[in-house]
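With our numbering, letter number 164 in the sequence shown gets 147, and the count goes up by one each step, no holes. All residues carry an ideal CB built from backbone N, CA and C; glycine is no exception.
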Amino acid sequence: MTDAPRPPGPPALPSANPAAPAKQAPTATKPEPVADDAAAPAVGLTFGQHVFIWSMILLVGIIFGIGSTVGILQQGPSYIDDQKDITAAEVTARRVVTDRLEIALNPNPERAGRLLFRRGEPQWAAHIRLARIAAKDGLVPTGATLDRLVAEFLAEKSESGRTYGAVLKDQVGSKYEVDLLDLRMFLAERQGVDALMQRTSSVPAVPTVAAELMAEEKITVDQVELTAAQFLKPVAEDDPEIETAYQRLRPTRFTAPAAADLKVAFADINVLRSKLVNGLTEADLKAWYDSHPGAITRPKADKPTETEPVPFAEAKDQVRDKLSRERAVPEALKLVSAFNEIVSADGLTEKDSAAFSAAAEKAGLKVQTHTIAEQTDGKAYALGDLGSVHDLVGFFNRSQAPGLITNLIHTEGAESNAVIIRLEARRESGFKLLAEVKPQVREWLAGRRAWKDLLAAAEVARVAAAKTGLAAWAAAPEQAVWKTTVKSEPSRPTRKIQAPPAESDGPPGESQPVAALALPGRPVALDRMEPAKGSDLPRVRLVQVAKVEPGPAQTAENSKYMVEYYRYLLRGYLNDLAQERLRDRMGGR
């Protein structure tokens, strides 16, 4: 038996460096002027000087809380992809900082929109590679330039009107704390990547006469979607390529967040209601009805958009349900409160799961098991018909061992209740097992194998449609196997039509604008399509220009607009070239 009170819920995540003194929050202090290009001559260091320098680094780490992500970076190498130049630890370190900044600085993302981009592992890996390229090109700020960048960031105003610096200072010691070193890395890399991408933002001037070349005709195109459904072949359970396909898809499609298995003790309100309902008298029901005017309504017969109270005689059953619940909730709270005392008195935190269940049932409670996945966006944890709970983040703290039992917690929702929760087990984030996702892997593999059959059949269809016209081809009875129809829609002349790749995951073929199809012969083109959302069924489409109408006469104002549009297209072209160069520097990624 222990007299020490238990926490009202799982304790908050501790500091990543619990032994360290109070950390200093980032503040928007004006940096001392330092020349960006100031550099000391290269001089060899003695052993004592090395010791002194590393001592100072550790001291700074203690002052500014170096423990938050450096521990992540010190984990053993686990690479993101086969290029083996970006580790999972590097990605995790940056994702942690970004998530903490997002949560601290943007408490209402659903209303205000996200402040920072959300990236998956491949996008983070690309970001890190770009930051490395930017550093080689001298685009990542350091020294006084970075000091100014940090100061400007901390001086920015949040939605509440407070500065970022003030908001982040409030997070010191919490699970959303951001160290100054982490913030400097985040801002430096972001500035470097932005500078790298802005190199292509400048485009040459364009004479206004070019507007005549950009006058848009009104073009209508016919389109037919062709899928590989008829070419799919079953993939056997023991197909030798399943394992390889799983390993390929796992980093992007089969990630699994950290999860916790819970036991939840609660009083069954419905059972308590059934015991109480027989004791409710007519007077009890009438008293509740009179004290809750407008609680039970129905649409008016003559005006369905308006409501009217249901007469007492017709509302008795609904009143009985509501009143019995009102009286059952306090009874449930008494039972759970009593069990809360038993947990401490009997030392259930030191006993096994079976003892917890037995004690709960002896106290008149029921026990449910639930599995929750770690939330990083502040959402509540759902506990089925018991409602939801927000304060369970401590269950994902590695310092908390299974057996942790919360104090009484009130759930939220229409069927709110009082519960006590025991942590049964915790699983770290990782990847779903092949056995869990094998159906998706087999579906992906079947689609991949059907790709070439689809391309070959689509090319035959394209040639045939070019002879008769796309609409006539699709209407022929022998094309019913495609299960498709013609869709007509307006299209910009500059819309890109891109040939599908020869391999299912290969680079796309050559592209051409829709305007190139507006020829007397009305050629039919094969256009690539991504699979539908949530599907791995390959698809392509046939495109044919159906109608062309002259564009409007050019005015001075319209010419100016068209010139700017031409420059926009030119900027896109230059960006494409720059992206190709960057991909080459990033190893073809």
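Per DSSP, the continuous beta strand (DSSP E) segment holding serine 494 begins and ends at 494 to 496.
Here aspartate 300 is exposed: its Cβ has fewer than 16 other Cβ atoms, across all protein chains shown, within 10 Å. For isoleucine 404, the enclosing beta strand (DSSP E) begins and ends at 401 to 410. Excluding sequence positions up to five before and after arginine 568, its CB lies within less than 7 Å of the CB of Ile116, all in the same chain and listed in chain order. In this structure arginine 478 touches valine 497 by the C-beta definition: roughly 5 Å separates them, less than 8 Å.
The beta carbons of valine 319 and leucine 391 sit about 6 Å from each other, so the pair counts as a contact at 8 Å. Every alpha helix (DSSP H) of 4 residues or more that sits fully in the region 110 to 155 is shown, in chain order, as 126 to 138, 147 to 153.
Residue state for glutamate 442 is assigned as helix, using DSSP reduced to three classes.
Leucine 137 is positioned such that its CB atom lies no closer than 8 Å to that of glycine 175.
8 Å or more divides the Cβ of valine 74 from the Cβ of alanine 127. Counted as a single uninterrupted DSSP element, the stretch harbouring phenylalanine 249 is not any alpha helix (DSSP H) but the beta strand (DSSP E) occupying residues 242 to 249. As a beta-bridge residue in DSSP terms, valine 526 pairs with Gln206, Ala508. Residue state for threonine 394 is assigned as coil, using DSSP reduced to three classes. With contacts defined as CB atoms closer than 8 Å, lysine 258 and valine 350 fail to qualify as a contacting pair.
Proximity of the region 319 to 328 to the region 395 to 415 meets the contact definition, three or more beta-carbon pairs being nearer than 8 Å. By the Cβ criterion, the region 331 to 346 is not in contact with the region 217 to 229, since fewer than three pairs of Cβ atoms, one from each stretch, lie closer than 8 Å.
Aspartate 436 and aspartate 68 have their alpha carbons spaced roughly 37 Å apart. By the CB criterion at 8 Å, valine 207 and threonine 467 fall inside the cutoff.
Assigned with DSSP and collapsed to three states, lysine 334 falls in coil, not helix or strand. Taking 8 Å as the cut-off, the beta carbon of alanine 241 is found closer than this to the beta carbon of glutamate 411. Per the Cβ contact rule, the region 83 to 92 is in contact with the region 154 to 172 (3 or more Cβ pairs under 8 Å). Comparing alpha carbon positions, the residue from Asp519, Lys516, Ala454, Pro521 closest to glutamine 527 is Ala454. Using a Cβ distance threshold of 8 Å, glutamate 172 and alanine 134 do not count as a contacting pair. Around the beta carbon of proline 282, a 10 Å sphere encloses fewer than 16 other beta carbons of the protein chains shown; the residue is thus reported as exposed. Inter-residue distance for proline 490 and aspartate 519 is about 18 Å (C-alpha atoms, whole angstroms). Excluding residues up to 5 positions away in sequence, Ala243 lie with their Cβ nearer than 6 Å to the Cβ of arginine 409 in the same chain. Shown here, alanine 72 sits in a helix according to DSSP, grouped into three states.
Minimum Cα-Cα distance from tryptophan 271 among the listed residues Thr290, Thr288, Arg308 corresponds to Arg308.
Non-local C-beta neighbours of arginine 303 in its own chain, meaning closer than 8 Å and more than five positions away in sequence, comprise Val260, Leu263, Leu268, ordered along the chain.
In the three-state scheme derived from DSSP, where H, G and I count as helix and E and B as strand, tyrosine 159 is classed as coil.
Secondary structure note for alanine 356: its beta strand (DSSP E) is the uninterrupted segment 349 to 356. Here arginine 522 is not near lysine 216, since their CB atoms are 8 Å or more apart. Using a 10 angstroms sphere on the CB of proline 476, the tally of other CB atoms reaches 16 or more, which defines it as buried.
Take the alpha-carbon of aspartate 335 and the one of threonine 394: they are about 25 Å apart.
Exclusion of the five residues before and after isoleucine 388 leaves Arg(-11), Val326, Leu331, Thr332, Phe339, Ile403, Ile404, Arg405, Leu406 as the residues of its chain whose Cβ lies within less than 8 Å of its Cβ. If you draw a straight line from the Cα of aspartate 153 to the Cα of leucine 88, it is about 11 Å long.
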